[in-house]
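Enquirer:
Protein chains: 2
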Amino acid sequence: MANSKQLTKNEEEVFGRFRLTVDCVVFGLDFSSSSLKLVLVRRGEEPFKDCWSLPGGFVYGMEETRAAAQRILAKKTGLGDVFLEQLYTFDALKRDERAGSGLNKDVDRIISVAYFALVSPAQHRVEQTGGGNATDATWFAVDDLSELDCLSFDHELIIETAVNRLRGKLSYVPIGFELLERKFTLKELQRVYEIVLGHNLDSSNFRRRALRMKILEPLEEKQESVAHRPAQLYRFNEKRYRELVEKGFDFEL
Amino acid sequence: MANSKQLTKNEEEVFGRFRLTVDCVVFGLDFSSSSLKLVLVRRGEEPFKDCWSLPGGFVYGMEETRAAAQRILAKKTGLGDVFLEQLYTFDALKRDERAGSGLNKDVDRIISVAYFALVSPAQHRVEQTGGGNATDATWFAVDDLSELDCLSFDHELIIETAVNRLRGKLSYVPIGFELLERKFTLKELQRVYEIVLGHNLDSSNFRRRALRMKILEPLEEKQESVAHRPAQLYRFNEKRYRELVEKGFDFEL
DNA sequence: TTTAGTTAGTGTAAAAATGACAATAAGGTT
DNA sequence: AACCTTATTGTCATTTTTACACTAACTAAA
Numbered sequence: 001m002a003n004s005k006q007l008t009k010n011e012e013e014v015f016g017r018f019r020l021t022v023d024c025v026v027f028g029l030d031f032s033s034s035s036l037k038l039v040l041v042r043r044g045e046e047p048f049k050d051c052w053s054l055p056g057g058f059v060y061g062m063e064e065t066r067a068a069a070q071r072i073l074a075k076k077t078g079l080g081d082v083f084l085e086q087l088y089t090f091d092a093l094k095r096d097e098r099a100g101s102g103l104n105k106d107v108d109r110i111i112s113v114a115y116f117a118l119v120s121p122a123q124h125r126v127e128q129t130g131g132g133n134a135t136d137a138t139w140f141a142v143d144d145l146s147e148l149d150c151l152s153f154d155h156e157l158i159i160e161t162a163v164n165r166l167r168g169k170l171s172y173v174p175i176g177f178e179l180l181e182r183k184f185t186l187k188e189l190q191r192v193y194e195i196v197l198g199h200n201l202d203s204s205n206f207r208r209r210a211l212r213m214k215i216l217e218p219l220e221e222k223q224e225s226v227a228h229r230p231a232q233l234y235r236f237n238e239k240r241y242r243e244l245v246e247k248g249f250d251f252e253l
Numbered sequence: 254m255a256n257s258k259q260l261t262k263n264e265e266e267v268f269g270r271f272r273l274t275v276d277c278v279v280f281g282l283d284f285s286s287s288s289l290k291l292v293l294v295r296r297g298e299e300p301f302k303d304c305w306s307l308p309g310g311f312v313y314g315m316e317e318t319r320a321a322a323q324r325i326l327a328k329k330t331g332l333g334d335v336f337l338e339q340l341y342t343f344d345a346l347k348r349d350e351r352a353g354s355g356l357n358k359d360v361d362r363i364i365s366v367a368y369f370a371l372v373s374p375a376q377h378r379v380e381q382t383g384g385g386n387a388t389d390a391t392w393f394a395v396d397d398l399s400e401l402d403c404l405s406f407d408h409e410l411i412i413e414t415a416v417n418r419l420r421g422k423l424s425y426v427p428i429g430f431e432l433l434e435r436k437f438t439l440k441e442l443q444r445v446y447e448i449v450l451g452h453n454l455d456s457s458n459f460r461r462r463a464l465r466m467k468i469l470e471p472l473e474e475k476q477e478s479v480a481h482r483p484a485q486l487y488r489f490n491e492k493r494y495r496e497l498v499e500k501g502f503d504f505e506l
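If you read the protein sequences in the order shown, they are chains A and B.
First residue of the first sequence? That's 1 in the working numbering, and the numbers climb one at a time after it.
First residue of the second sequence? That's 254 in the working numbering, and the numbers climb one at a time after it.
Okay, here's the thing in structure tokens:
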């Protein structure tokens, strides 16, 4: 096995045999605690048995990684139809010690194509049954992860990368509504930004900027049964968004 | 071989065997023609023999993809010490027909981790000898690529992705100086933005914004032997840049 | 039926940033 | 010395941002 001894110059120049996994960083907002959360599952087997881990798994031979991410997400968390975007490919030499042994006896390395997903509150309920090797899919606040006893593999690095990407991306691509229901109020959208970016925003100014780009479409409806003035409901106008992308419009918020 | 027939449900659920390649999109600026260029090499063997292709190759078993990119870049183009960043992982099912035959007989798929690189004019001279299977490493203007007779594999998609990433990134991360010498004038930096973004900028306003963020450090030196007022030379202050990143500073230009 | 409480939404004035462009500076060339 | 060219500074009207005051609309309690 490739791991077991120093490689000679010659052996090194054989093209590597790889296994591919996908790992998904699934983000959701908890409005009641004002926190950004993500889904972790408990690993059912070694290595890292009983450690927390990102929902992930091996990619089949005739399956694209995006499809694998969807399959695994459905199986391990019950989530379907989520915003999914490729994040980064993690390939550190010793990131997964299963390479070279067991079912992976004949592979040199196991690398992971990470995806990040955004889910709305209605989708928050994750299956607790735990498909496959995973049990106890659970939401954790990103800020509390340091309290976990252990995280599998290089998942801490993957999560850090994903959080940075989400923060960076939110500011210049309108993805905030992916974390909301289809209909939402401006205040709710504002809260998305506040929670993800980690600081409060002025409602009046946020409103002006959010409406200026004309990708939020006011509905006929208003909020109902709230003990105060009901807010206008909006929805994201994807068609209009695509038109603006064509023109190279700047969505900074 | 996995490609040769329809897979049964059972066969599909065997974890895939993958080969990994890296492909590099190497960007450089041609100031004399005001164009954004990238390096292509001619493929020496089938498939796509004699077609143009991104410098790339297989990853070894005990080599990280970034190191592979550096190795391959050095071998095929003679370039070393360049700004290199992981771009995206391309894994469409039929992107590389070599999977399942020849040296790749026992693999299901060949996926590519693409990197993009930025090189300065001094680094522009690429080796014409062509190491390995590649010959004729050559610079092409991004805008003229449609005139090429053929591009290998999914390299057109990779290039499109890379150009979008470069344009997007330039606007909010100060990477422009990676395309310049260590010492540069503000006008040169402005030209970087003009060429990459594809439109002209007002010198006075560009200067104001570029200097405002305090990451450009004026040197003692000035331009020499030009037939007009010599311009102040600057260098990028990386330390200062890192400090500002810490504070969450916005580098939009 | 008021009135108080609460959040939605509008308005505004000072400060900062932008965009267009004029004016001056500093070299070399003729 | 006069001229040419690009660098650099300055200016000003306009737009955008920021902070914050003010009005609107609804429920619930009195």
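Built from N, CA and C at the ideal position, the CB exists for glycine as well.
Since the model is a prediction, treat every value here as computed from it, not as a measurement.
When the Cβ atoms of the region 320-340 of chain B are set against those of the region 103-114 of chain A, are three or more pairs found closer than 8 Å?
Expert: Touching, no.
Enquirer: What residues in its chain sit with their C-beta under 6 Å from that of Thr-261 (chain B), if we drop five residues either side in the sequence?
Expert: Translated into the one-based positions of the second sequence, residue 261 (chain B) becomes position 8. Below a pLDDT of 50, predicted positions are generally treated as unreliable, and Thr-261 (chain B), at 46, falls in that range; no measurement from the model is reported.
Enquirer: CA-CA distance, Gly-44 (chain A) and Ala-117 (chain A)?
Expert: By one-based count along the first sequence, residue 44 (chain A) stands at place 44. By one-based count along the first sequence, residue 117 (chain A) stands at place 117. One C-alpha to the other measures close to 23 Å.
Enquirer: By the criterion of Cβ-Cβ separation under 7 Å, what are the contact partners of Gly-314 (chain B) in chain A?
Expert: As a first step, residue 314 (chain B) is located in the second sequence; it is residue number 61 there, counting from the start. Chain A residues near Gly-314 (chain B): Ala-2, Val-14, Gly-16, Arg-17, Asp-108 and Arg-109.
Enquirer: With a cut-off of 8 Å, does the C-beta of Leu-273 (chain B) fall near any C-beta of chain A?
Expert: Along the second sequence, read from residue 1 onward, the residue named residue 273 (chain B) stands at position 20. True, the Cβ-Cβ gap to chain A drops below 8 Å.
Enquirer: Output needed for Asp-462 (chain B): all residues of its chain with C-beta closer than 8 Å, excluding positions within five of it in sequence on either side, in chain order.
Expert: If you number the second sequence from 1, residue 462 (chain B) lands on position 209. Sequence check: residue 462 (chain B) is Arg here, not Asp. Closer than 8 Å at the Cβ level, and outside the excluded window around Arg-462 (chain B), lie Leu-506.
Enquirer: Quick one: using the 10 Å Cβ neighbour count with 16 as the cut-off for buried, is Glu-491 (chain B) buried or exposed?
Expert: The count along the second sequence starts at 1 and reaches residue 491 (chain B) at position 238. Exposed, since its Cβ has fewer than 16 Cβ neighbours within 10 Å.
Enquirer: Quick one: complete beta strand (DSSP E) runs, 3+ long, within the region 455-487 of chain B?
Expert: 469-475, all fully within the region 455-487 of chain B.
Enquirer: Classify Phe-249 (chain A) as helix, strand or coil using the three-state DSSP reduction.
Expert: To locate residue 249 (chain A), count along the first sequence from 1; it is residue 249. Residue state, collapsed to three classes: coil.
Enquirer: Show which residues of chain A have a CB atom less than 8 Å away from the CB atom of Leu-356 (chain B).
Expert: Position 103 of the second sequence, counted from the first residue, corresponds to residue 356 (chain B). Residues of chain A passing the Cβ test: Phe-15.
Enquirer: Under 8 Å between beta-carbons, which chain B residues line up against Val-113 (chain A)? List them in chain order, please.
Expert: To locate residue 113 (chain A), count along the first sequence from 1; it is residue 113. Within 8 Å Cβ-Cβ: Thr-342 and Asp-344.
Enquirer: Alpha helix (DSSP H) containing Lys-75 (chain A): first to last residue?
Expert: Sequence index remark: in the first sequence, residue 75 (chain A) carries index 75 (1-based). First-last of the alpha helix (DSSP H) with Lys-75 (chain A): 65-77.
Enquirer: Taking the beta carbon of Arg-229 (chain A) as the centre, do at least 16 other beta carbons fall within 10 Å, making it buried, or is it exposed?
Expert: One-based indexing of the first sequence puts residue 229 (chain A) at position 229. By the neighbour-count rule (16 or more Cβ atoms within 10 Å), Arg-229 (chain A) is not buried but exposed.
Enquirer: What in chain A is Cβ-close to Phe-430 (chain B), meaning under 7 Å?
Expert: One-based indexing of the second sequence puts residue 430 (chain B) at position 177. Within chain A, no residue comes near Phe-430 (chain B); the closest Cβ sits about 21 Å away, beyond 7 Å.
Enquirer: Can you give me the Cβ contacts of His-452 (chain B) inside the same chain, cut-off strictly under 7 Å, excluding the 5 residues immediately before and after it?
Expert: Counting from 1 along the second sequence, the entry for residue 452 (chain B) is found at position 199. Result list for His-452 (chain B): empty, nothing under 7 Å.
Enquirer: I'd like the ranges of any beta strand (DSSP E) spanning at least 3 consecutive residues and lying wholly in the region 19-47 of chain A.
Expert: You should have 35-42.
Enquirer: Report, in whole angstroms, the separation of the C-beta atoms of Ser-152 (chain A) and Phe-58 (chain A), which I expect to be a contact under 8 Å.
Expert: Position 152 of the first sequence, counting from 1, holds the residue named residue 152 (chain A). Position 58 of the first sequence, counting from 1, holds the residue named residue 58 (chain A). Between Phe-58 (chain A) and Ser-152 (chain A) the Cβ distance is about 14 Å, and since that is not below 8 Å, they are no contact.
Enquirer: Expressed to the nearest angstrom, what Euclidean distance is found between the alpha-carbon atoms of Gly-353 (chain B) and Tyr-234 (chain A)?
Expert: Along the second sequence, read from residue 1 onward, the residue named residue 353 (chain B) stands at position 100. Along the first sequence, read from residue 1 onward, the residue named residue 234 (chain A) stands at position 234. Straight-line Cα distance between these residues: approximately 51 Å.
Enquirer: Can you give me the start and stop residues for the alpha helix (DSSP H) that Leu-307 (chain B) sits inside?
Expert: Here residue 307 (chain B) corresponds to residue number 54 of the second sequence, with the count starting at 1. That residue, Leu-307 (chain B), is in no alpha helix (DSSP H); it is neither H nor E in DSSP.
Enquirer: For a contact meaning CB atoms closer than 8 Å, what does Phe-58 (chain A) contact in chain B?
Expert: By one-based count along the first sequence, residue 58 (chain A) stands at place 58. Those within 8 Å of Phe-58 (chain A) in chain B are Phe-268 and Gly-269.
Enquirer: Which class does Ala-352 (chain B) belong to by DSSP, given the choice of helix, strand or coil?
Expert: As a working mapping, residue 352 (chain B) is identified with position 99 in the second sequence. DSSP places Ala-352 (chain B) in coil when its eight states are reduced to three.
Enquirer: Answer yes or no: does any C-beta atom of chain A fall closer than 8 Å to that of Glu-298 (chain B)?
Expert: To locate residue 298 (chain B), count along the second sequence from 1; it is residue 45. Chain A, which has no Cβ nearer than 8 Å to the Cβ of Glu-298 (chain B), makes this no.
Enquirer: Do the region 441-448 of chain B and the region 190-206 of chain A make contact, defined as three or more Cβ pairs closer than 8 Å?
Expert: No, because fewer than three Cβ pairs between the region 441-448 of chain B and the region 190-206 of chain A fall closer than 8 Å, the two stretches do not touch.
Enquirer: Looking only at DSSP bridge pairs, what is Leu-419 (chain B) linked to?
Expert: Mapped onto the second sequence, residue 419 (chain B) falls at position 166. Leu-419 (chain B) pairs with nothing; no bridge assigned.
Enquirer: Can you tell me whether Gly-254 (chain A) is buried or exposed? The criterion is at least 16 other CB atoms within 10 Å of its CB, across all chains shown.
Expert: Lying outside 1 to 253, the shown extent of chain A, residue 254 (chain A) is not represented and no answer is given.
Enquirer: How about Leu-54 (chain A) and Met-315 (chain B): do their beta carbons lie closer than 8 Å?
Expert: Within the first sequence, numbered from 1, the residue matching residue 54 (chain A) stands at position 54. Within the second sequence, numbered from 1, the residue matching residue 315 (chain B) stands at position 62. No, the Cβ-Cβ distance between Leu-54 (chain A) and Met-315 (chain B) is not below 8 Å.
Enquirer: Tell me, please, whether the region 242-252 of chain A touches the region 274-290 of chain B by the rule of three or more beta-carbon pairs shorter than 8 Å.
Expert: Because the criterion of three Cβ pairs below 8 Å is not met, the region 242-252 of chain A and the region 274-290 of chain B do not touch.
Enquirer: So, with DSSP's three-state summary, where would you put Leu-180 (chain A)?
Expert: Numbered from its first residue, the first sequence carries residue 180 (chain A) at position 180. Reduced to three states, the DSSP call for Leu-180 (chain A) is coil.
Enquirer: How would you call Arg-242 (chain A), buried or exposed, if buried means at least 16 neighbouring beta carbons within 10 angstroms?
Expert: The residue labelled residue 242 (chain A) in the question sits at position 242 within the first sequence. Under this definition Arg-242 (chain A) is an exposed residue.
Enquirer: Whose CA, out of B:Lys-290, B:Phe-280 and B:Asp-283, lies closest to the CA of Asp-397 (chain B)?
Expert: The sequence position of residue 397 (chain B) within the second sequence is 144, counting from 1. Among B:Lys-290, B:Phe-280 and B:Asp-283, the Cα nearest to that of Asp-397 (chain B) belongs to B:Lys-290.
Enquirer: On the DSSP letters alone, give me the boundaries of the beta strand (DSSP E) that Leu-118 (chain A) sits inside.
Expert: The residue you call residue 118 (chain A) lines up with position 118 of the first sequence. Its beta strand (DSSP E) spans residues 109-118.
Enquirer: Go to Leu-148 (chain A), then tell me how far its beta strand (DSSP E) extends in each direction, as first and last residue.
Expert: Within the first sequence, residue 148 (chain A) is the residue found at index 148, counting from 1. That residue, Leu-148 (chain A), is in no beta strand (DSSP E); it is neither H nor E in DSSP.
Enquirer: Nearest to Gly-355 (chain B) by alpha carbon, out of A:Asn-104, A:Phe-140 and A:Phe-15?
Expert: In the second sequence, counting from the first residue as 1, residue 355 (chain B) sits at position 102. Measuring from the Cα of Gly-355 (chain B), the nearest candidate turns out to be A:Phe-15.
Enquirer: Taking 8 Å as the cut-off, decide whether the C-beta atoms of Ser-373 (chain B) and Leu-433 (chain B) are in contact.
Expert: By 1-based counting over the second sequence, the position of residue 373 (chain B) is 120. By 1-based counting over the second sequence, the position of residue 433 (chain B) is 180. Result yes, Cβ atoms of Ser-373 (chain B) and Leu-433 (chain B) sit closer than 8 Å.
Enquirer: Could you pull the DSSP bridge partners for Ala-88 (chain A) from this structure?
Expert: Indexing the first sequence from 1 puts residue 88 (chain A) at position 88. Per the sequence shown, the amino acid found at residue 88 (chain A) is Tyr instead of Ala. Paired residue(s): A:Ala-114.
Enquirer: Once you ignore the five residues that flank Leu-219 (chain A) on each side, which residues in its own chain have a CB closer than 7 Å to its CB?
Expert: Within the first sequence, numbered from 1, the residue matching residue 219 (chain A) stands at position 219. The answer, listed in chain order, is Lys-183, Leu-233, Tyr-234 and Arg-235.
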